[in-house]
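Everything on this sheet refers to the single structure shown next.
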Amino acid sequence: MNLERAYRLSSILLTAVGFLALILTRELPVGLIVFGTAAVIVSALGVIRPGAWVTRLCRLSPGAWNILLVAALVAFVLDLLLLSRDVLPAAVHFLVVLMINKLLNLHQKKDFLHLYAISLLGVLAAAALTRDIWYGGVFFAYLFVAIWALLLNHLRNELDEHPGDLVSQDARTAWQPLTRNFFWTVNGIAVGAFCLTLAVFVVIPRVGAGFFEKNRTTLIRTSGFSERVDLGDIGAVKLDPTVVMRVEFPDQRGPVAERMPLYFRGMAYDRYDGRTWANSFARQLMLDHSVDGSFKPLPAKKATRRDSPALRQEILIEALDTAVLFGASFIRSVRGNFPMVLADGMGGFSMSYPLSIRFQYTALSIPDELDPSDRTSVSPVYPALIAAHFLQVPALSPRVEELARAVTRDGSTAYEKARMLERYLRKTYRYSLDVGTAVSENPLEDFLFTRQTGFCEHYATAMVVMLRTLGIPARLATGFLPGEWNDFGNYYAVRQQDAHAWVEVFWPASGWITFDPTPGIMAPPANRLWAKIGRAVDSVRLRWDRYVIRYNFRDQVAAVQTIRDRGDRIRDQASGYLGLVARWMTGLRETARQLITDHAGGASVMAAAVALGLLWMAAQMRHPRRRCRDLLLPRQAAAAKCYARMLRHLEAQGISKPAGTTPYEFANRVRTEWQDVSSYVGPLTELYCRIRFGLDPWGPEDSQKADDLLDAIRLSRRQPLSRRQPLNPRP
Amino acid sequence: MIATVPRGLATMFEWARGVCRRLYRYRSLRVTPEGVRFLVLTLGIGVAALNTGNNLLYLLLAMMLSLIVMSGILSEHCLKNLIVRRTIPPHIFAGRPAMAAFSVRNGKGRFPSFSLGVMDVADGKLLDRNIHLLHVPAGATVARSYPLVYAQRGRYVLDGLKFLTRFPFGLFTKAASVACESEVIVYPTPQPLPQALLHDLEGAGYDHEMPRRGQGAALYNLRDYHSEDDSRTIHWKTSARQSRLIVRESEAEDQRRVTLAMPVQAAHPMPAAFERAVILMASLAAYFHARGFAIRVLLGDEELIHGADDAHLYRIFRMLALCREIHDDLYAAIPESLLRLNDISASEEFTVLVLPWPDARLASACRGVGRIIHADQEGA
């Protein structure tokens, strides 16, 4: 491929990458996508197959293009005022029109520069419109192609400015610099530029406060986390695979849910009126910052559970339409970039308002643990507050209580009864999201006695109500199940479909303990390969978000701190090694001193031997030539090297120096046989003899002179014998 | 041992100086118009990134900055390890183009150099030779020649070469100076002598041949054989005719000699006249050399003894190229070398005195000279 074609194609490809970035933002209407793609294809065809009918078809006069551009400008104004009503989308539409115009009118050098600017603006606009991971791939492709395009643009301009450098007059088509070496060299440059880009990206200080950034994120609609929840609300999202959060456990290895029950708790509800759950403890208290920067409520006056090891989670939560902060049961504290954190009376944490961006926080949870006394207690005694709020039962038929008593007839302790109810609900009722469209008068009784099918809310509500009829305090909790474990990133990807409702039962000594009467659902067998690819992509997406999108000043400080800590460790290690060496040297010195003291005669001999050795070395250094009898001094070696080169050049021209000939004799011979070069050979011979056999130094001017003479000899050509004129013409 | 210490220090100093010279390379950097636009765009993206705090804009900013850095690295790579040799023709005449040549060897083992513009540097000024090397492969040598034209005679120094490149992206022009000092001696250009002077010289010059014995080919004399004579010089024909041994004596080849003289001291600056005289001297030297004369030149107090080969002629040209007019307000005494002209003429050697300007006193003092030429009158 010749330079001109490669240059045009790379420019079109660069534009195509910028256009692709705009397409992936989903801000372009279909018509613009179609026209833009067609323009890219037509312009590429015009390079690959000049004169193709398609390219001729798209050739319009400059006047026509000007009219189209004016129309596009009017359309931009209308778009800005009436359609998009936003500068950025309207500008993007207009940019695409400009791109189409330029692609179909690439004639002059400035047209290509305009095209580069348009492509860069496209990538710039995409950066403002998206945060998705695909931008990373597009960015890398853009950088790669930009290196090629800019480099080829430079070479092409150089050829235009200096066509006389080439032998061929048809410079652009004749010269083909796109050799294999050139190809891999440019690719290497692109890779180097990418690495340098990453390094600069990490180092640039982050001081932006995001003042002028318009938030274009769409909030994910959740269900089941408001102050009032209708029975069946959670069912609305049970089929939505949208990821709502990703949870890492930095202090744990492997999937935590395989070792302990794991529920990401959001809200809890105490009052049930037969259709709707409500939180009568909704009044929220603002939490203070503790010393370590976390938000935690004041400890309860009476400890209600043992201190289990805390479970630390790093939660990356999407932009949800709820302000609730989720965490594994039961959250003790949260830490993050929150302006304010609120807590309700039932252990729920929330922000003051939903954040419309993805953000990360750390939650510290204490898993529940049943106290042995609660396990064996027949009739636990509950605090008055608990009894007042968590034994409330709506107006129900007596069948519910009868069912509860019948199921727990054989249970002697409250704990056994709770477990019996849990097992009964799991085994007896069928899980289904299809609970009919008709609004039920009494959804709980429908679930228990009529349909006998339902989903998590029905199971949990049934268990809470039946426990309350037995005098055991319980409440409904909503949140999320752990979801899918991503072994690439070691985190749980929690989706909308993982929304769940379960039961919390109160015990006097243990506090609230989690029960889950909903039976486990076997997910349909998924394609393993696709599932694996999906997890890998999600893991990369998480890393992209963490280390690119949300990379901030604190990360930079942490990186510097890490480097400094490692440097300190290395320094300490080096100090340790040096100390070891110093101690060893001290021991050696002591040993030597001991030897000298004990063996005074031997020390004298040794000292005499050392002195003799030093004298011998000094004697050698006084007569360097004796020591270096067979070696030349550097200046002599340099002169000899030049002379040897001259001899080689002359030998190549048919004049050899016999071994027994002195340099001057040889120079005379050269003067006889090749007069043209004798004016160079003579001075060089003289220079050589002066340096080699004399005491003159070999300076830079001598070196330059020798090089010049050698070049002159090298460039001289001896004429063949037949053409040489005889030295002494015959009279 | 003590003597080796300063020698060791000197060696170490030389080594350190060489290292510093290698490390330090004179570089200059200018921004091209495309580079200005690029920098403005980079600045705009930087401001946008700072304002919004958008990390993707920071990513774009990092890309732009890395392109700038890569541009600097690659252009430096292009310019480094270029070994230059310049070859100047040994004899250059004023006003006549001479082809100089230089070769550039790319000393890098793997990477080529691109887009090298080459300029001469003389007296701190850049001389554009319109030489552009688009591609110098790794390890390869590229040679170019270019015309050198000097309007006036004299000594010129080419300090070195300057390489410029806009590789890789055309955003910046980086220049590197390579020391490659060359001295150029520009000779005065001999001009055809006026016809009247030619006739005059032709008549005067041959009359002043002084035949003498020597090792030439031409016959000088026939005489009787002496015992110490070489038997190979016996002229047998004449010996047969005269019935006694006759030997042949040859005439010396270099018996034709001329002395060219010119004063350089002047009471007042007269550069144009001086230049005319110098050119006339060069023309006369070329004329006599072409006719096989051994030429001696007296230029003010400088003297160049007789010689007849081409090298001697170029020595004469060099002497004329470097001569300078001496302004002596207290000019009174005639230079000793010019006063010897009369003695030289007395020894029957042809002498020519070229006067750049009218000088009656000098002309009177040298009235024994074979020929006095007034350069201003000859129109040389």
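So the sequence lines, in the order shown, correspond to chains A and B.
Mapping of the first sequence onto numbering that gives the first Met the number 0: residues 0 to 730, in sequence order.
Mapping of the second sequence onto numbering that gives the first Met the number 0: residues 0 to 379, in sequence order.
In this text, a Cβ means the ideal position worked out from N, Cα and C, and glycines have one as well.
query: Under the rule that 16 or more other beta-carbon atoms within 10 Å means buried, what is Val33(A), buried or exposed?
result: Numbered from its first residue, the first sequence carries residue 33(A) at position 34. It is exposed - the Cβ of Val33(A) has fewer than 16 other Cβ atoms within 10 Å.
- request: Flag Phe166(B) as yes if its beta-carbon sits less than 8 Å from any beta-carbon of chain A, otherwise no.
  value: Here residue 166(B) refers to the residue found at position 167 of the second sequence. Yes, its Cβ sits closer than 8 Å to a Cβ of chain A.
task: Could you tell me whether the Cβ atoms of Ile233(A) and Leu319(A) are closer together than 8 Å?
output: Position 234 of the first sequence, counted from the first residue, corresponds to residue 233(A). Position 320 of the first sequence, counted from the first residue, corresponds to residue 319(A). Between Ile233(A) and Leu319(A), the gap from beta carbon to beta carbon reaches 8 Å or more.
message: Within a Cβ cutoff of 6 Å, which residues of the same chain sit near Glu208(B), ignoring the five residues on either side of it in sequence?
response: Within the second sequence, residue 208(B) is the residue found at index 209, counting from 1. Because the pLDDT of Glu208(B) is 47, which lies under 50, any placement of that residue in the model is unreliable, and the question is left without a value.
task: Give the secondary structure of Glu247(A) by DSSP, where H, G and I count as helix, E and B as strand, and everything else as coil.
output: Counting from one through the first sequence, the residue named residue 247(A) turns up at place 248. Strand.
- request: Mark Lys124(B) as exposed unless 16 or more other C-beta atoms lie within 10 angstroms of its C-beta, in which case mark it buried.
  value: The residue you call residue 124(B) lines up with position 125 of the second sequence. With fewer than 16 other beta carbons inside 10 angstroms of its own, Lys124(B) counts as exposed.
field: Under the three-state DSSP convention, the category Ala173(A) falls into
entry: Here residue 173(A) is taken as the residue at index 174 of the first sequence, counted from 1. Unreliable positioning characterises Ala173(A) in this predicted model, as indicated by a pLDDT of 45, which lies under 50. A coordinate reading is not provided.
- request: Return the CA-CA distance between Asp309(B) and His288(B), expressed in angstroms with no decimal places.
  value: Within the second sequence, numbered from 1, the residue matching residue 309(B) stands at position 310. Within the second sequence, numbered from 1, the residue matching residue 288(B) stands at position 289. Rounded to the nearest angstrom, the two C-alpha atoms are 8 Å apart.
query: For Ile397(B), which of Leu81(B), Lys173(B), Ala61(B) and Trp14(B) has the nearest alpha-carbon?
result: Because chain B is modelled from 0 through 379, residue 397(B) falls outside the range shown and cannot be assessed.
Nearest-angstrom Cα separation, counted from Arg155(A) out to Glu3(A): The residue labelled residue 3(A) in the question sits at position 4 within the first sequence. The residue labelled residue 155(A) in the question sits at position 156 within the first sequence. In a straight line, the C-alpha of Glu3(A) is about 7 Å away from that of Arg155(A).
Lys416(A) burial status per 10 Å Cβ neighbour count (16 or more: buried): As a first step, residue 416(A) is located in the first sequence; it is residue number 417 there, counting from the start. Its Cβ being crowded by 16 or more others within 10 Å, Lys416(A) is buried.
task: Starting from Pro146(B), follow its DSSP beta bridges and name the residues at the other end.
output: In the second sequence, counting from the first residue as 1, residue 146(B) sits at position 147. Answer is Met98(B), bridged to Pro146(B).
- request: Please state if the CB of Leu163(B) and the CB of Gly106(B) are separated by a distance shorter than 8 Å.
  value: Residue mapping note: residue 106(B) aligns to position 107 of the second sequence, counting from 1. Residue mapping note: residue 163(B) aligns to position 164 of the second sequence, counting from 1. Result no, Cβ atoms of Gly106(B) and Leu163(B) do not sit closer than 8 Å.
message: Considering only their Cβ atoms, is the gap separating Leu132(B) from Val141(B) smaller than 8 Å?
response: Within the second sequence, the letter at position 142 stands for residue 141(B). Within the second sequence, the letter at position 133 stands for residue 132(B). Taking 8 Å as the Cβ cut-off, Val141(B) and Leu132(B) qualify as a contacting pair.
query: In whole angstroms, what is the alpha-carbon distance linking Lys301(A) and Ala498(A)?
result: Locating residue 301(A) in the first sequence gives position 302, counting from the first residue. Locating residue 498(A) in the first sequence gives position 499, counting from the first residue. Residue placement at Lys301(A) is flagged as unreliable, the pLDDT there being 47, under the threshold of 50; a coordinate-derived value is accordingly withheld.
field: Partners in chain B for Gly191(A), counting only beta-carbon separations shorter than 7 Å
entry: Looking up residue 191(A) in the first sequence gives position 192. Residues of chain B passing the Cβ test: Met69.
- prompt: Listing by chain order, which chain B residues have their CB less than 8 Å from the CB of His153(A)?
  reply: For the purposes of this step, residue 153(A) is identified with residue 154 of the first sequence, where counting begins at 1. Within chain B, the residues near His153(A) are Ser114, Arg165, Phe166, Pro167, Phe168 and Gly169.
task: Please name the residue in Val185(B), Arg26(B) and Cys179(B) whose C-alpha comes closest to that of Arg152(B).
output: In the second sequence, counting from the first residue as 1, residue 152(B) sits at position 153. Looking at the Cα atoms, Val185(B) is the closest of the given residues.
task: Work out the CA separation of Ala125(A) and Leu8(A) for me, nearest whole Å.
output: Position 9 of the first sequence holds residue 8(A). Position 126 of the first sequence holds residue 125(A). Taking the straight line from one Cα to the other gives about 23 Å.
query: Hey, does Val343(B) have any beta-carbon neighbour from chain A nearer than 8 Å?
result: Position 344 of the second sequence holds residue 343(B). The residue you asked about is not Val; residue 343(B) is Ile in the sequence shown. By this cut-off, Ile343(B) is not an interface position.
Spatial distance of Gly299(B) from Ser336(B) (CA atoms): Position 300 of the second sequence, counted from the first residue, corresponds to residue 299(B). Position 337 of the second sequence, counted from the first residue, corresponds to residue 336(B). Looking at the backbone, the Cα of Gly299(B) and that of Ser336(B) are separated by about 7 Å.
- request: Could you check which residue in Asn104(A), Asn1(A), Leu694(A) and Trp133(A) has the C-alpha nearest to that of Arg542(A)?
  value: Residue mapping note: residue 542(A) aligns to position 543 of the first sequence, counting from 1. The candidate whose alpha carbon is nearest that of Arg542(A) is Trp133(A).
message: Please state the DSSP three-state secondary structure of Gln495(A).
response: Position 496 of the first sequence, counting from 1, holds the residue named residue 495(A). Assigned with DSSP and collapsed to three states, Gln495(A) falls in helix.
task: Take the Cβ of Arg264(A) as the centre, count every other Cβ of all protein chains shown within 10 Å, and call the residue buried at 16 or more, exposed below.
output: In the first sequence, the residue the question calls residue 264(A) occupies position 265. Result: buried.
- prompt: With 8 Å set as the bound, which would you pick, yes or no: does the beta-carbon of Val30(B) sit closer than that to a beta-carbon of chain A?
  reply: Looking up residue 30(B) in the second sequence gives position 31. So no, Val30(B) is outside the interface.
message: Excluding the 5 residues flanking Arg104(B) on each side, which residues of the same chain have their C-beta closer than 6 Å to its C-beta?
response: As a working note, residue 104(B) is residue 105 in the second sequence. So the qualifying residues of the chain are Ile82 and Thr140.
task: Using a Cβ-Cβ cut-off of less than 9 Å, list which residues of the region 530-562 of chain A approach chain B; keep chain order.
output: Val547, Ile548, Arg549, Tyr550 and Asn551
Cα-Cα separation between Val377(A) and Thr412(A), rounded to whole angstroms: By one-based count along the first sequence, residue 377(A) stands at place 378. By one-based count along the first sequence, residue 412(A) stands at place 413. Between Val377(A) and Thr412(A), the C-alpha separation is close to 4 Å.
query: What is the residue span of the beta strand (DSSP E) that Asn336(A) lies within?
result: In the first sequence, residue 336(A) corresponds to position 337, counting from 1. Where Asn336(A) is concerned, there is no enclosing beta strand (DSSP E), given that its DSSP letter is neither H nor E.
task: Please determine if the region 188-197 of chain A and the region 234-250 of chain A are in contact, where contact requires at least 3 C-beta pairs separated by less than 8 Å.
output: no
message: Helix, strand or coil for Arg716(A)? Go by DSSP, reduced to three states.
response: Your numbering for residue 716(A) matches position 717 in the first sequence. In the structure shown, Arg716(A) sits in coil (DSSP, three-state: anything other than H, G, I, E or B).
field: Validate contact between the region 525-534 of chain A and the region 380-389 of chain A using beta carbons, cut 8 Å, 3 pairs
entry: no
query: Which parts of the region 12-84 of chain B are runs of the beta strand (DSSP E), unbroken and 3 residues or longer, counting only runs that do not cross its ends?
result: 26-30
Straight-line gap, Ile47(A) to Gly187(A) (C-alpha atoms, nearest Å): Counting from one through the first sequence, the residue named residue 47(A) turns up at place 48. Counting from one through the first sequence, the residue named residue 187(A) turns up at place 188. Near 26 Å, if we compare the C-alpha coordinates of Gly187(A) and Ile47(A).
- prompt: Opposite Pro551(A) in the DSSP bridges: which residues?
  reply: Start at 1 with the first residue of the first sequence, and residue 551(A) comes out as number 552. It is worth fixing the name first, because residue 551(A) is Asn in this sequence and not Pro. DSSP lists no partner for Asn551(A).
field: Cross-chain neighbours of Arg84(B) in chain A, by beta carbon under 8 Å
entry: Numbered from 1 along the second sequence, position 85 holds the residue referred to as residue 84(B). Per Cβ cutoff of 8 Å: Asp706, Asp707 and Asp710.
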